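Counting from -15, one number per residue, gives the positions in the sequence shown under the numbering used here.
Glycine included, every Cβ here is placed at the ideal spot set by N, Cα and C.
Bear in mind that the values here come from a model prediction, so they are computed numbers and not experimental data.
The structure under discussion appears below in the form of structure tokens.
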Amino acid sequence: PEELRRRVLASLEMPPSYNKLLDSLHRAQVYREMYDQARERGRSREPNLFRSLVGTSRAIQQVRQMMQQVADTDASVLILGESGTGKEVVARNLHYHSKRREGPFVPVNCGAIPAELLESELFGHEKGAFTGAITSRAGRFELANGGTLFLDEIGDMPLPMQVKLLRVLQERTFERVGSNKTQNVDVRIIAATHKNLEKMIEDGTFREDLYYRLNVFPIEMAPLRERVEDIALLLNELISRMEHEKRGSIRFNSAAIMSLCRHDWPGNVR
């Protein structure tokens, strides 16, 4: 895409050095991921807001109402719910309906990155900062500047990293690993977790001050078993996607739908 090409070319010097070329390729990969994700979900602001949140249940209506209240603000949002309940869908919709919609949406799964690499992933690093750091690299905070940083599975973040994250949220500045140069950052924070953070605070595994910094506007996602009235609508949405992608079609009779409504759905909407 043209936007991606301009961003990458603007960051290159001619002739490009090896280290700066690697950093630019890393940026290109992240921006490409963001572009593909945006294209799949449609970045246009459709009249039917939050269309990917399928359902008419009271629980999903409350989520839509809360999203409308907070979307166009810079308030930090903490999305709570079991895996598969649509936490990332909510985060993306909040971004795409905010005043930061033209900026990047940068997700990072705090539970999928080894603890020893998470600081570098979030804040970036300079060449030689640690073994294997053969080039300087921008972190997710830097790449999300002007947009939204989505911290998924924040409950899996190690305590030492929680301290560093809290400092960045308080001061809106950070340093790359291996650098003493302070950089300002302008990002909106949306975090999500399937864990009980209040219980983790009692157990000493999650910082209370970070919790209150993130939990400015909480949104709780109900599990599918608590909104079974949405199952038929979800089926219709999935069938429509299959037909649109020319992957065939399928129909459910009333007995099949009733059977699905009795299922516990431990993975929710996956």
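Checklist entry - Would a C-beta distance cut-off of 9 angstroms place M184 and T69 closer than the cut-off? => result Translated into positions along the sequence shown, residue 184 becomes position 200. Translated into positions along the sequence shown, residue 69 becomes position 85. Not in contact: M184 and T69 (Cβ atoms no closer than 9 angstroms).
Item to check | Rounded Cβ spacing between P91 and F134 (contact assumed at less than 8 angstroms) | outcome: For this step, residue 91 is matched to residue 107 along the sequence shown. For this step, residue 134 is matched to residue 150 along the sequence shown. Correct: roughly 4 angstroms between the Cβ atoms.
Checklist entry - If we call anything under 9 angstroms between Cβ atoms a contact, is L219 one with I241? => result To locate residue 219, count along the sequence shown from 1; it is residue 235. To locate residue 241, count along the sequence shown from 1; it is residue 257. Yes, the Cβ-Cβ distance between L219 and I241 is below 9 angstroms.
Checklist entry - Going by the beta-carbon positions, is the gap between E137 and H178 smaller than 9 angstroms? => result For the purposes of this step, residue 137 is taken as the residue at position 153 of the sequence shown. For the purposes of this step, residue 178 is taken as the residue at position 194 of the sequence shown. For E137 and H178, yes; Cβs fall inside 9 angstroms.
Item to check | Exposure label - K256; buried when at least 16 CB within 10 Å | outcome: Shown here, the chain extends from -15 to 254; a query on residue 256 therefore has no answer.
Checklist entry - Under the three-state reduction of DSSP, which class applies to P91: helix, strand or coil? => result For this step, residue 91 is matched to residue 107 along the sequence shown. DSSP places P91 in strand when its eight states are reduced to three.
Checklist entry - Whose C-alpha, out of G162, H79, L217, L62, is nearest the C-alpha of K111? => result Taking the first residue of the sequence shown as position 1, residue 111 is located at position 127. Among G162, H79, L217, L62, the Cα nearest to that of K111 belongs to G162.
Item to check | Under 9 angstroms between C-beta atoms of L143 and R197 | outcome: What you label residue 143 is simply residue 159 of the sequence shown in a count that begins at 1. What you label residue 197 is simply residue 213 of the sequence shown in a count that begins at 1. No.
Item to check | Under 9 angstroms between C-beta atoms of R160 and V169 | outcome: The residue labelled residue 160 in the question sits at position 176 within the sequence shown. The residue labelled residue 169 in the question sits at position 185 within the sequence shown. Cβ distance not < 9 angstroms, so R160 and V169 don't count as in contact.
Item to check | First and last residue of the uninterrupted alpha helix (DSSP H) at N168 | outcome: Counting from one through the sequence shown, the residue named residue 168 turns up at place 184. No alpha helix (DSSP H) holds N168; the beta strand (DSSP E) holding it covers 166 to 168.
Checklist entry - How many Å lie between Y195 and A96 at the Cα? => result Along the sequence shown, read from residue 1 onward, the residue named residue 195 stands at position 211. Along the sequence shown, read from residue 1 onward, the residue named residue 96 stands at position 112. Each residue's Cα considered, the two are about 20 angstroms apart.
Next on the checklist: Which complete beta strand (DSSP E) runs does the segment 47 to 120 hold, if anything under 3 residues is left out?
Outcome noted: Here the runs fully enclosed are 61 to 64, 89 to 93.
Checklist entry - With a Cβ-Cβ cutoff of 9 angstroms, do G39 and L217 count as a contact? => result Position 55 of the sequence shown, counting from 1, holds the residue named residue 39. Position 233 of the sequence shown, counting from 1, holds the residue named residue 217. Less than 9 angstroms divides the Cβ of G39 from the Cβ of L217.
Checklist entry - Just the Cα atoms here: how many angstroms apart are R85 and A239? => result Counting from 1 along the sequence shown, the entry for residue 85 is found at position 101. Counting from 1 along the sequence shown, the entry for residue 239 is found at position 255. Rounded to the nearest angstrom, the two C-alpha atoms are 43 angstroms apart.
Item to check | Buried versus exposed call for N32 [16 or more other C-beta atoms within 10 Å across all chains shown] | outcome: Here residue 32 corresponds to residue number 48 of the sequence shown, with the count starting at 1. Interpretation of N32 is limited by its pLDDT of 44, a score under 50 that renders its predicted location unreliable; the figure taken from the coordinates is listed afterwards. It counts as exposed.
Item to check | Proximity of S67 and G251 at Cβ, strictly below 9 angstroms | outcome: Within the sequence shown, the letter at position 83 stands for residue 67. Within the sequence shown, the letter at position 267 stands for residue 251. In this structure, G251 lies closer than 9 angstroms to S67 by Cβ.
Checklist entry - What does a CB cutoff of less than 6 angstroms around S60 pick up in its chain, not counting 5 residues either side in sequence? => result On the sequence shown, position 76 is the one that residue 60 refers to. If we look at S60 and ignore the five residues flanking it on each side, its Cβ neighbours are I173, L198, V200.
Next on the checklist: Based on DSSP bridge pairs, tell me the residues matched to A201.
Outcome noted: Your numbering for residue 201 matches position 217 in the sequence shown. Residue identity differs from the one stated: residue 201 is Phe in this sequence, not Ala. According to DSSP, which records beta bridges pairwise, F201 is partnered with V61.
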